[in-house]
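The numbering used here puts the last residue of the sequence shown at 187; the count rises by one with no breaks. From the three backbone atoms N, C-alpha and C, an ideal C-beta is built for every residue, glycine too.
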Amino acid sequence: GGRWLSGGALAGGRGRGGTHGRHGAGAVARWNASPEQPPRGGGAVGGRVAQAMDEQDRASQGMGMRIASVGPGRAVLTMRVRPDMVNGHAICHGGFIFTLADSAFAFACNSYNRNTVAQGCSIEFLAPAHEGDVLTASAEERNLAGRTGVYDIVVRNDCDQTIAQFRGKSYRIQGNIIKL
Numbered sequence: 008g009g010r011w012l013s014g015g016a017l018a019g020g021r022g023r024g025g026t027h028g029r030h031g032a033g034a035v036a037r038w039n040a041s042p043e044q045p046p047r048g049g050g051a052v053g054g055r056v057a058q059a060m061d062e063q064d065r066a067s068q069g070m071g072m073r074i075a076s077v078g079p080g081r082a083v084l085t086m087r088v089r090p091d092m093v094n095g096h097a098i099c100h101g102g103f104i105f106t107l108a109d110s111a112f113a114f115a116c117n118s119y120n121r122n123t124v125a126q127g128c129s130i131e132f133l134a135p136a137h138e139g140d141v142l143t144a145s146a147e148e149r150n151l152a153g154r155t156g157v158y159d160i161v162v163r164n165d166c167d168q169t170i171a172q173f174r175g176k177s178y179r180i181q182g183n184i185i186k187l
């Protein structure tokens, strides 16, 4: 359990499981949904999977990412560009944009409660992001066959300008994120 902050974000969540490292209890879950309802469109299992992954995802937490929605084969995450994310050109470092897109990819491809990892990914940077921008990464499954999948992630700023396009290829491994 934990406390829900204004805007629906959960603080102090605890849990176990996840495929992105097992860092123990005390991780902060970040939801833009009500405490009674998982992120929009995720269903009971999809929402529980996303929450279990989120509670262990210290990288995304440290970057201030928020989960807007998760559903079968899709996910939407947001992140505000902080001063410590800006490079020597006074724009957001591409590594932070890549990580936001990669996190959306992870939530989308694991939404079926089957452990899935990245097999490969690429990104095209199309426009700069600036300090204070709120970036939104929207991930959508394009193909899922056997153990592999293809996902496209578009990163946009708060003016709806496309900042980057990311393509991820997933590979399903053994196990599940949560026990049903």
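Per-residue DSSP class, three states only, for residue i
| i | result |
| --- | --- |
| D61 | helix |
| M86 | strand |
| D140 | coil |
| D91 | helix |
| L151 | strand |
| I185 | coil |
| Q68 | helix |
| S129 | strand |
| I104 | helix |
| R81 | strand |
| R174 | strand |
| D109 | helix |
| A75 | strand |
| C116 | helix |
| R121 | coil |
Residue i classed as buried or exposed, judged by whether at least 16 other C-beta atoms fall within 10 angstroms
| i | result |
| --- | --- |
| N150 | exposed |
| A51 | exposed |
| G139 | exposed |
| L187 | exposed |
| N94 | exposed |
| R73 | buried |
| A152 | exposed |
| G54 | buried |
| A97 | exposed |
| G69 | exposed |
Beta-carbon proximity list for residue i, same chain, < 7 Å, skipping 5 on both sides
| i | result |
| --- | --- |
| R121 | R179 and N183 |
| D165 | D140 and V141 |
| G101 | F132 |
| N117 | T26, V56, M60, T123 and I184 |
| M92 | C99, H100 and F103 |
| P79 | G53, S118 and Y119 |
Spatial neighbours of residue i in its chain, beta-carbon cut-off 6 Å, leaving aside the 5 residues before and after
| i | result |
| --- | --- |
| D159 | E147, R149 and R174 |
| F114 | A57, V77 and A82 |
| I130 | F105, A171 and F173 |
| A144 | L84, L107, A108, A111, I160 and V162 |
Own chain partners of residue i with C-beta closer than 8 Å, once the 5 adjacent residues on each side are dropped
| i | result |
| --- | --- |
| T169 | L133, A134, V161, V162 and R163 |
May I ask you to verify whether the region 83-99 touches the region 124-133, counting CB pairs closer than 8 Å and requiring at least 3?
-> Under the 8 Å Cβ criterion, the region 83-99 does not count as touching the region 124-133, having fewer than three qualifying pairs.
Meets three-Cβ-pair contact criterion under 8 Å: the region 61-76 and the region 104-114 | Taking 8 Å as the limit for Cβ pairs, the verdict is that the region 104-114 does touch the region 61-76.
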